[in-house]
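K.L.:
Residue numbers (my numbering): 17 to 390.
As structure tokens, this is what we get:
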């Protein structure tokens, strides 16, 4: 035991890979790290003294041997070339770092929150984002540099924290100009809380939950409306697609479409607060109505999966076509008339889909004639 402790006290820590190595004898001036094969120069003074000062001196690394600098450079080059790299969906530099004039006319913020290492963990949200990104690029002509992705698989600056999501929302609409098309997509948890401002008909504010919502709090519909709805000027169109609980009126838009009556219904705040745009158009497709709640563990990604599948199969859909096909797919799955889809959904979504798709807008439009286009 005493011998082991002595050996430990004589060991040196590699400057690069942090592995510890001991000299073979007291005269050795250079040691070769077994982890990375780099030579390390050893401080020679009092290396076998028992004092703590001497032991600390022994552990000092004076740097790699100057004659081995080429070895170090080659090693670093090789390590960089062979080390696994993080696959990021964001183009470089980050869209958040670009000045407004360089931004594409079509821009999107795509958030997928899986809440890793928590009891609220979700499966499939990151795949939802990847599939939505692919749809925007292949079907609607978006460029990768105009799409900002926030997931836990991205680098830290692109994690879906409250701060980062709020920053991304501001980037999305900043200095928007006529002719621009914007998309905000969110897949994750949604909650609601009592409304203390008197601007909700049902008495509740709807929210989305960032990855750090337990610490930093949720993002309220009031904030989302103020940040990405009100700044929209004439000629700018924003689509929000929110696959989360309690997301029916997550943008606080003043009109809701009723599929049964085929009519628009008012959702004007009782308080009279202004929720309108600045002349632009905001449209929201959400996974369920505000009074519907489901366990995202079993319902994750239903709206996203069905919407993408339908849009790819049927180009030129109107909004009415899209709403009807989404709901018909859900009904067919529940009644087991669609065998292939039924087997898929019942395996992953606990046998029954109870949600309904909801369309809301900042202004009334003809859903049977307007083509769905992001």
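A virtual CB, placed ideally from N, CA and C, is assigned to each residue, including glycine. In this text, all values refer to a predicted model and were calculated from it rather than measured experimentally.
Go through the segment 140-206 residue by residue and report every complete run of the beta strand (DSSP E) that reaches 3 residues or more, in order.
P.N.:
Within the segment 140-206, the runs of beta strand (DSSP E) at least 3 residues long that lie entirely inside it are, in chain order, 163-166, 197-203.
K.L.:
Contact defined as beta carbons within less than 8 angstroms: I believe residue 290 pairs with residue 281. What is the distance between those atoms, to the nearest angstrom?
P.N.:
Position 274 of the chain shown, counting from 1, holds the residue named residue 290. Position 265 of the chain shown, counting from 1, holds the residue named residue 281. Not confirmed; about 19 angstroms, so no contact.
K.L.:
Look up residue 374 in the DSSP assignment and give the residues it is bridged to.
P.N.:
By one-based count along the chain shown, residue 374 stands at place 358. Its beta-bridge partners are 302.
K.L.:
Given a threshold of 16 other Cβ atoms within 10 Å of its Cβ, counted over all protein chains shown, does residue 122 qualify as buried or as exposed?
P.N.:
Within the chain shown, the letter at position 106 stands for residue 122. With at least 16 other beta carbons inside 10 angstroms of its own, residue 122 counts as buried.
K.L.:
From the DSSP output, in three-state form, read off residue 10 for me.
P.N.:
Look at the range of the chain in this structure, 17 to 390, and you will see that residue 10 is not part of it.
K.L.:
Find out if the Cβ-Cβ distance for the pair residue 389, residue 229 is shorter than 9 angstroms.
P.N.:
Numbered from 1 along the chain shown, position 373 holds the residue referred to as residue 389. Numbered from 1 along the chain shown, position 213 holds the residue referred to as residue 229. Not a contact, by the Cβ cut-off of 9 angstroms.
K.L.:
Around the C-beta of residue 382, are 16 or more other C-beta atoms found within 10 angstroms, so that it is buried, or is it exposed?
P.N.:
The sequence position of residue 382 within the chain shown is 366, counting from 1. Exposed: under 16 other Cβ atoms inside 10 Å.
K.L.:
So what's residue 273 in DSSP terms, helix, strand or just coil?
P.N.:
One-based indexing of the chain shown puts residue 273 at position 257. The three-state reading of DSSP puts residue 273 in strand, counting E and B together.
K.L.:
I'd like the span of the alpha helix (DSSP H) that includes residue 328, first residue to last.
P.N.:
Your numbering for residue 328 matches position 312 in the chain shown. For residue 328, the uninterrupted alpha helix (DSSP H) run begins and ends at 318-329, by DSSP.
K.L.:
If you drop the 5 nearest sequence neighbours on each side, which residues of the same chain put their C-beta closer than 8 angstroms to that of residue 86?
P.N.:
Along the chain shown, one-based indexing puts residue 86 at 70. For residue 86, the predicted model reports a pLDDT of 49, less than 50, meaning its position is unreliable; a value from the coordinates is still stated below. Same-chain partners within the cutoff: there are none.
K.L.:
Using only the alpha-carbon positions, how far apart do residue 391 and residue 256 sit?
P.N.:
With the chain covering 17 to 390 only, the question about residue 391 has no answer from this structure.
K.L.:
Residue 220: which of 39, 207, 387 sits nearest, CA to CA?
P.N.:
Stepping through the chain shown from its first residue, residue 220 is reached at position 204. The shortest C-alpha separation from residue 220 is found at 207.
K.L.:
With distances taken Cα to Cα, identify the nearest neighbour of residue 288 among 376, 299, 268, 38.
P.N.:
Taking the chain shown and counting its residues from 1, one reaches residue 288 at position 272. Checked all of 376, 299, 268, 38; the closest Cα to residue 288 is 268.
K.L.:
Which whole-angstrom value is the C-beta distance of residue 168 and residue 130, which I expect to be below 8 angstroms?
P.N.:
Reading the chain shown from its first residue, position 152 is the one you call residue 168. Reading the chain shown from its first residue, position 114 is the one you call residue 130. With a Cβ gap of about 6 angstroms, residue 168 and residue 130 count as contacting.
K.L.:
Tell me the rounded alpha-carbon separation between residue 134 and residue 43.
P.N.:
Against the chain shown, residue 134 aligns to sequence position 118. Against the chain shown, residue 43 aligns to sequence position 27. Within the model, the alpha-carbon separation for residue 134 versus residue 43 is close to 53 angstroms.
K.L.:
Quick check on the DSSP output: the alpha helix (DSSP H) that includes residue 232 runs from which residue to which?
P.N.:
Looking up residue 232 in the chain shown gives position 216. DSSP places residue 232 inside the alpha helix (DSSP H), whose first and last residues are 229-232.
K.L.:
With a cut-off of 8 angstroms on the beta carbons, I'd call residue 243 and residue 296 a contact; round off their distance for me.
P.N.:
If you number the chain shown from 1, residue 243 lands on position 227. If you number the chain shown from 1, residue 296 lands on position 280. Actually they do not touch by this definition, with Cβ atoms about 14 angstroms apart.
K.L.:
Report the rounded CA-to-CA distance for residue 232 versus residue 200, giving the unit in angstroms.
P.N.:
Along the chain shown, read from residue 1 onward, the residue named residue 232 stands at position 216. Along the chain shown, read from residue 1 onward, the residue named residue 200 stands at position 184. The straight-line gap from Cα to Cα measures roughly 21 angstroms.
K.L.:
Using only the alpha-carbon positions, how far apart do residue 293 and residue 119 sit?
P.N.:
Position 277 of the chain shown, counted from the start, is the residue given in the question as residue 293. Position 103 of the chain shown, counted from the start, is the residue given in the question as residue 119. So the alpha carbons of these two residues sit roughly 22 angstroms apart.
K.L.:
By DSSP, does residue 245 sit in helix, in strand, or in coil?
P.N.:
As a first step, residue 245 is located in the chain shown; it is residue number 229 there, counting from the start. Of the three classes helix, strand and coil, the one that applies to residue 245 here is helix, per DSSP.
K.L.:
For residue 299 versus residue 203, is the C-beta spacing smaller than 9 angstroms?
P.N.:
Against the chain shown, residue 299 aligns to sequence position 283. Against the chain shown, residue 203 aligns to sequence position 187. Contact: no.
K.L.:
Distance check for residue 38 and residue 236, CA to CA, integer angstroms please.
P.N.:
One-based indexing of the chain shown puts residue 236 at position 220. One-based indexing of the chain shown puts residue 38 at position 22. Roughly 58 angstroms between the two C-alpha positions.
K.L.:
Please report how far the alpha carbon of residue 386 lies from the alpha carbon of residue 374, in whole angstroms.
P.N.:
In the chain shown, the residue the question calls residue 386 occupies position 370. In the chain shown, the residue the question calls residue 374 occupies position 358. C-alpha separation (whole angstroms): 16 angstroms.
K.L.:
For residue 267, which three-state DSSP category applies?
P.N.:
Along the chain shown, read from residue 1 onward, the residue named residue 267 stands at position 251. Residue state, collapsed to three classes: coil.
K.L.:
What's the C-alpha gap between residue 355 and residue 325?
P.N.:
Translated into positions along the chain shown, residue 355 becomes position 339. Translated into positions along the chain shown, residue 325 becomes position 309. Note that residue 355 scores 44 on pLDDT, short of 50, meaning its location in the model is unreliable; the coordinates nonetheless yield the value given after this. Going by the C-alpha atoms only, they are around 16 angstroms apart.
K.L.:
For residue 38, which three-state DSSP category applies?
P.N.:
Residue mapping note: residue 38 aligns to position 22 of the chain shown, counting from 1. Coil, per DSSP.
K.L.:
So is residue 46 buried or exposed if we call it buried at 16+ other beta carbons inside 10 Å?
P.N.:
Residue mapping note: residue 46 aligns to position 30 of the chain shown, counting from 1. Its Cβ having fewer than 16 others within 10 Å, residue 46 is exposed.
K.L.:
Do you know offhand how far residue 345's Cα is from residue 194's?
P.N.:
Residue mapping note: residue 345 aligns to position 329 of the chain shown, counting from 1. Residue mapping note: residue 194 aligns to position 178 of the chain shown, counting from 1. If I take the Cα positions, the gap works out to 36 angstroms.
K.L.:
On the DSSP bridge assignment, give the partners of residue 387 in chain order.
P.N.:
The sequence position of residue 387 within the chain shown is 371, counting from 1. BP columns for residue 387 point to 334.
K.L.:
Residue 317 to residue 250, Cα distance in whole Å?
P.N.:
The residue given as residue 317 occupies position 301 in the chain shown. The residue given as residue 250 occupies position 234 in the chain shown. Computed Cα separation, rounded: 32 angstroms.
K.L.:
Under 8 angstroms by Cβ, that's how I've got residue 164 and residue 106 pegged, so tell me the actual separation to the nearest angstrom.
P.N.:
Numbered from 1 along the chain shown, position 148 holds the residue referred to as residue 164. Numbered from 1 along the chain shown, position 90 holds the residue referred to as residue 106. Contact flag correct, Cβ pair sits at about 6 angstroms.
K.L.:
State the Cα-Cα distance for the pair residue 176 and residue 142, rounded to the nearest angstrom.
P.N.:
One-based indexing of the chain shown puts residue 176 at position 160. One-based indexing of the chain shown puts residue 142 at position 126. Going from the Cα of residue 176 to the Cα of residue 142 covers about 11 angstroms.
K.L.:
Under the DSSP definition of a beta bridge, which residues are partnered with residue 282?
P.N.:
Counting from 1 along the chain shown, the entry for residue 282 is found at position 266. Note: residue 282 sits in a beta bridge opposite 271.
K.L.:
Could you work out which residue in 336, 328, 332 is closest to residue 154 when comparing CA atoms only?
P.N.:
The count along the chain shown starts at 1 and reaches residue 154 at position 138. Residue 328 is the option with its Cα nearest to residue 154.
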